[in-house]
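> Here this note's numbering is used: the first residue of the sequence shown is 5, the next is one more, and so on.
Cβ atoms here follow ideal geometry from the backbone N, Cα and C, with glycine treated the same way.
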Amino acid sequence: MSGAEDKFLATVFPGSGLVFVAAMFGAAAAADAVLAVAHPPGTSDGPAAWDFGRHFAYTLMTGYAMRMAAVFACSLSVMGHRLGVLPRWLTLLGLLTALVLLLAASNVPWAELVFPAWSLVLSTYILMAGGRRARPGAAPAV
Numbered sequence: 005m006s007g008a009e010d011k012f013l014a015t016v017f018p019g020s021g022l023v024f025v026a027a028m029f030g031a032a033a034a035a036d037a038v039l040a041v042a043h044p045p046g047t048s049d050g051p052a053a054w055d056f057g058r059h060f061a062y063t064l065m066t067g068y069a070m071r072m073a074a075v076f077a078c079s080l081s082v083m084g085h086r087l088g089v090l091p092r093w094l095t096l097l098g099l100l101t102a103l104v105l106l107l108a109a110s111n112v113p114w115a116e117l118v119f120p121a122w123s124l125v126l127s128t129y130i131l132m133a134g135g136r137r138a139r140p141g142a143a144p145a146v
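Here is the structure:
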């Protein structure tokens, strides 16, 4: 990879991961606030506050967090392919995951599960590739 492109991907990759985690924490905090404020024990429902908080938490998760997950999957797939550590099929799967998360996550129910599924496939590949590279006579790493 070239120097400028390497710096760009090196910035986008951890940045998108951090924003994804921050958006998930924000969605969890918003959902917790709705549960604590919209219906305190012994009072009647507050439908306006409940609807606002539910919509806010859902939008944070499906709108913003999933878009950051798409950027993360795309940047990791491109870096893995260019460095030669990911096979072509896994790179294409990562790019397809990013495309689904960008275009369908906020409209299609359960589309958010594409990201954990891709993470599972990627993790399994990394574990299996690491096991294949271990030498039979070498001492185990501690």
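1) Mapping the DSSP letters down to three states, classify ALA108 as helix, strand or coil.
2) Give me the Cα-Cα distance between PRO91 and LYS11, rounded to the nearest whole angstrom.
3) Taking the beta carbon of SER79 as the centre, do at least 16 other beta carbons fall within 10 Å, making it buried, or is it exposed?
4) Go to VAL89, then tell me how far its alpha helix (DSSP H) extends in each direction, as first and last residue.
5) Quick one: Cα of HIS59 to Cα of TRP122, how far?
6) Ends of the alpha helix (DSSP H) at TYR68?
7) Just to confirm my understanding: we take SER20, look at its own chain, exclude 5 residues before and 5 after, and list those with CB closer than 7 angstroms. What are they?
A quick look at the data gives this:
1) Three-state result, ALA108: coil.
2) Using only the alpha carbons, I get a separation of about 23 angstroms.
3) With 16 or more other Cβ atoms within 10 Å, it is buried.
4) VAL89 -> no alpha helix (DSSP H), and no H or E assigned at all.
5) Distance between the alpha carbons of HIS59 and TRP122 is about 27 angstroms.
6) In the DSSP annotation of this structure, TYR68 is not part of any alpha helix (DSSP H), being labelled neither H nor E.
7) Once the five neighbours on either side are set aside, the close Cβ partners of SER20 are MET72, VAL75, PHE76, SER79.
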